[in-house]
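See structure below.
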Amino acid sequence: MIRNIKKIISLILACTLAAGLIGGLSACGSSSASSTISVYYTNSSHDDILAMDYAISDTAMDDLYTMITELFDQMFNKDYTADDLFSAKPDKVAILSYSVGSDKVLTVDFDGGYLEMTNVEEIILRAAIVLTVIQLNGINGVRFTVENEPIRYSDGTEIGTMTADDFVNILLTETGMLRQETDVLLYFANEAGTYLVPVRSHFVTSNNNTSMEEYIVTQLIKGPADYEGLYPTISDSVELISVVSSDNTCYVNFSESFLEQDNQPVSDELMIFSIVNSLCRLSYIDYVQFLIDGDPASRLHTITDISSPFSRDVSFETPDYYE
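So the mapping is simple: the numbering used here equals the position in the sequence shown, first residue as 1, plus 1390.
Right, dumping it as structure tokens:
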């Protein structure tokens, strides 16, 4: 049975939470043990994701690597063009290797052909692989590399480990561009400049490869123009050079303007933790390291040492929300 992704991603997530799939695949569909899962493809226009039920062979059921190999063969080597199902992996892209680590994360390593794909092709391929293999018991996420180097957004941020959650809000726009939507929290100052107030902001990326980290810091610099009673924590004259995340640490690289804010709106501590607390609300970030022109920053006005990474400090926060 062929199904459109828009109708089934929520089911995949519900099933993943309900039971460990394969060895627990019965959570999706029937009450008896089953080896049938959804395998993902693209359409003839290569601008959408479709799923087809597939029964894993009995000989593969007892070995995770064998199951992955069989699924990849099904996804990328079988001909289902009669059903308007096409491989999500373009012919110019080759999978060099794949392995599952002790953290139950599947790493898929591509050749350089991956870098020649369009943004839409990248999203379609990543979604097809993740949504297929995440159903297997023993797979908690998927990490993608190109010749053993992690794939990155255009700003240098590592895309990192992906799960089905990363594709819940992928939509196809009227112009045929893929769009991803999610909510993030931004921390701005109250009127007195004594604490941080979280604001829910709707992040939308449409084929521009802007990372959530870059979006968050950029929005903090722009300030809370749409929220009465809230105030900026960073001068709008500050220049952001890059934002890169790796190994649970986000590296925020500013120009010297970050240290030379003549009209800095709040205290050093509140400014620092508006950035840190906003970024650390992302599930894959635990620490924030500040850089100035690519080098670790040493000190900032009243804070004698900012050379070490910061973690979230809830003592600066109020629980109030501005929706």
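Heads up, the beta-carbon is just placed ideally off N, CA and C, and yes, glycines get one too.
- Scanning its chain for C-beta atoms nearer than 8 Å, with the 5 sequence neighbours on each side dropped, one finds around Met1457 the residues Ile1412, Ile1446, Ala1450, Met1451, Leu1526, in chain order.
- The region 1581–1595 makes contact with the region 1659–1679, as at least three CB pairs between them are under 8 Å.
- Apart from sequence neighbours up to five positions away, the residues of its chain that approach Glu1537 with a beta-carbon distance below 8 Å are Leu1486, Asp1499, Phe1500, Asp1501, Gly1502, ordered along the chain.
- Uninterrupted beta strand (DSSP E) stretches at least 3 residues long and entirely within the region 1629–1709 occur at 1630–1636, 1639–1644, 1677–1682, given in chain order.
- In the DSSP assignment, Ser1489 is bridged to Thr1497.
- Residue pairing by DSSP places Asp1573 opposite His1592 in a beta bridge.
- CA-to-CA, the gap between Leu1690 and Ser1627 works out to about 16 Å.
- Residue burial annotation: Val1704 is exposed, with fewer than 16 other C-beta atoms found within 10 angstroms of its C-beta.
- Within the DSSP secondary-structure output, Tyr1621 pairs in a beta bridge with Ala1579.
- Taking every protein chain shown into account, the CB of Tyr1577 has 16 or more other CB atoms within 10 angstroms, so this residue is buried.
- The alpha carbon of Val1483 has as its nearest neighbour, out of Asp1493, Gly1491, Lys1494, Glu1506, the alpha carbon of Glu1506.
- Here DSSP, grouped into helix, strand and coil, assigns Gly1528 to coil.
- Bounds of any alpha helix (DSSP H) do not take in Glu1548, whose DSSP letter is neither H nor E.
- Beyond the five residues adjoining it in sequence on each side, Ile1439 comes within less than 7 Å, by CB distance, of Ile1395, Tyr1430, Thr1432, Ile1514, Ala1517, Ala1518 in the same chain, given in chain order.
- Check the Cα spacing between Ser1434 and each of Thr1553, Ser1477, Cys1670: the tightest is with Ser1477.
- In this structure, the beta-carbon distance from Phe1680 to Ile1693 does not fall below 7 Å.
- When only Cα atoms are considered, Gly1619 and Glu1581 end up about 6 Å apart.
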